[in-house]
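The structure under discussion appears below in the form of structure tokens.
Protein chains: 2
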Amino acid sequence: MSTSIANAPYHHGDLRNALLESALIILEREGEAGLGLRDVARAVGVSAAAPYRHFDGRGALLEALAVTGYQRFTRLMETIATDDTLDHMSAMGRTYVKFALDNPNLFRLMFSPALRRDNRPGLRMAADAAYRTLRHVTGEDVDTDRVAALAAWARVHGLAVLLLDGQIAIQAGEDIEALVAEIIDKH
Amino acid sequence: MSTSIANAPYHHGDLRNALLESALIILEREGEAGLGLRDVARAVGVSAAAPYRHFDGRGALLEALAVTGYQRFTRLMETIATDDTLDHMSAMGRTYVKFALDNPNLFRLMFSPALRRDNRPGLRMAADAAYRTLRHVTGEDVDTDRVAALAAWARVHGLAVLLLDGQIAIQAGEDIEALVAEIIDKH
DNA sequence: CGATGGATGTTGACATTGTTCACTTTGCTC
DNA sequence: GAGCAAAGTGAACAATGTCAACATCCATCG
Numbered sequence: 007m008s009t010s011i012a013n014a015p016y017h018h019g020d021l022r023n024a025l026l027e028s029a030l031i032i033l034e035r036e037g038e039a040g041l042g043l044r045d046v047a048r049a050v051g052v053s054a055a056a057p058y059r060h061f062d063g064r065g066a067l068l069e070a071l072a073v074t075g076y077q078r079f080t081r082l083m084e085t086i087a088t089d090d091t092l093d094h095m096s097a098m099g100r101t102y103v104k105f106a107l108d109n110p111n112l113f114r115l116m117f118s119p120a121l122r123r124d125n126r127p128g129l130r131m132a133a134d135a136a137y138r139t140l141r142h143v144t145g146e147d148v149d150t151d152r153v154a155a156l157a158a159w160a161r162v163h164g165l166a167v168l169l170l171d172g173q174i175a176i177q178a179g180e181d182i183e184a185l186v187a188e189i190i191d192k193h
Numbered sequence: 007m008s009t010s011i012a013n014a015p016y017h018h019g020d021l022r023n024a025l026l027e028s029a030l031i032i033l034e035r036e037g038e039a040g041l042g043l044r045d046v047a048r049a050v051g052v053s054a055a056a057p058y059r060h061f062d063g064r065g066a067l068l069e070a071l072a073v074t075g076y077q078r079f080t081r082l083m084e085t086i087a088t089d090d091t092l093d094h095m096s097a098m099g100r101t102y103v104k105f106a107l108d109n110p111n112l113f114r115l116m117f118s119p120a121l122r123r124d125n126r127p128g129l130r131m132a133a134d135a136a137y138r139t140l141r142h143v144t145g146e147d148v149d150t151d152r153v154a155a156l157a158a159w160a161r162v163h164g165l166a167v168l169l170l171d172g173q174i175a176i177q178a179g180e181d182i183e184a185l186v187a188e189i190i191d192k193h
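Those protein sequence lines, which keep their order, are chains D and Y. Each residue of the first sequence is one higher than the one before, counting from 7 in the working numbering. Each residue of the second sequence is one higher than the one before, counting from 7 in the working numbering.
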């Protein structure tokens, strides 16, 4: 509706969001390295220089993507926090891993060192908000024991990363979610 | 020694290794994205096309770097395996994390999804050898319990990645190695 | 020996990318 | 309606990965 290829008006109207949507699709299909600024512009049907009216270069586009990723992640964690029928600690871990597996390249981008290299305050803030929610979800019982909290976080994050990179051998027909739950609930 | 800048001979003599050494230095200083094939050639004092006589493009150079990384990693683990005075499980974890912190960008490259994307048998073999050694070091007691083994690996790997990305807040003057040991030895 | 061929480097070119600049088009405000 | 800022265009630039054609060297064989 917003983008009719034929008879495209000079002004797009909502280019910034259109760029982000296309960029997210390309990111998940091609990976960060395959996400070219010109590709995004081409996908939206706009000139190569147009994105610069909305983003301060390629890095800023990536940052915006990562920020939306953190926001979606945070929202997921919040829904867990408000559900009292759950074991928060376990549900958090399973959702954490599921988010990574459902959005592999977005997840990788969120933790991309290239983005952290140049100081991007927006990213830092979105990430901090996510971690705050994380700590809130896992509750005070863990918050008081820093070592235990870090151990739990490391286990969940490591599991997500290893699964994402295909490092953990999955046997044919194996239920990954069940395996994840088993690992997370160990002890 | 081999490369005297002035009076450089037409044939380098050991260009392949010289390229790898320079590439490793640049990698650790600039990150994978900042590692340009032309930069490496320039650093060695050779033309931009010369590396193609020794590597099948940029990806192959990166693969060779990652392979040497896995080899060094494997050698580290083997020295632990032959030392009977150690708690293998704990020492493995601490060494794992230390390797990541000592060679951050090399470690990241070893687990880079971009490299795994195109099937690189050499990389796969080097990685498999490393994991075999890992399983050997941690001993049969864990090998029999797949879930426990994966949980331990995930915790160690996650800890490495989170530290690498600066996600774990380190208080001023804190002893990181001690914190790592504490987290790894938890339970 | 001396020529000769394969390995190793060089030069120059090409397509592509991120980015900038000058310009044009559009919609909104007095 | 005049004019101005926002939003988009097109041409250009430097840099990159890569390749093809040419140059140089080293080792081997008559």
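Where is the CB? At the ideal position from N, CA and C, for every residue including glycine.
Between D:LEU71 and D:LEU33 a beta carbon distance of about 6 Å is seen, short of the 8 Å cut, so the two are scored as contacting. Residues of the same chain with a CB within less than 7 Å of the CB of Y:ALA132, apart from the 5 flanking positions on each side, are VAL73, TYR76, GLN77 in chain order. Within the segment 12-45 of chain Y, the alpha helix (DSSP H) runs of at least 4 residues that lie entirely inside it are, in chain order, 21-36. Assignment of Y:THR91 by DSSP, reduced to helix, strand and coil, places it in the coil class.
Under the 7 Å criterion on CB atoms, Y:LYS104 is classed as non-interfacial with respect to chain D.
A check of alpha carbon separations from D:GLU36 across Y:VAL162, Y:ARG59, Y:LEU68, Y:ARG123 identifies Y:ARG123 as the nearest. Around Y:ILE174, the beta-carbon contacts reaching into chain D at under 9 Å are LEU156, TRP159, ALA160. For the segment 14-43 of chain D, residues whose beta-carbon sits nearer than 7 Å to a beta-carbon of chain Y comprise GLY37, ALA39.
Contact of Y:LEU68 with chain D is not assigned, every C-beta pair being separated by 7 Å or more.
Under the three-pair Cβ rule at 8 Å, the segment 179-189 of chain D counts as touching the segment 93-102 of chain D.
The beta carbon of D:GLY42 is closer than 6 Å to none in its chain, skipping five residues each way along the sequence.
For Y:THR150, no alpha helix (DSSP H) run applies, since DSSP gives it neither H nor E.
For the 7 Å CB-CB criterion, Y:MET83 and Y:THR144 do not form a contact. Using a Cβ-Cβ cut-off of 7 Å, Y:VAL153 counts as an interface residue toward chain D, since at least one Cβ of chain D sits closer than that to its own. With respect to the C-alpha of Y:ALA24, the residue from Y:GLY63, Y:ALA106, Y:VAL46 having the closest C-alpha is Y:VAL46.
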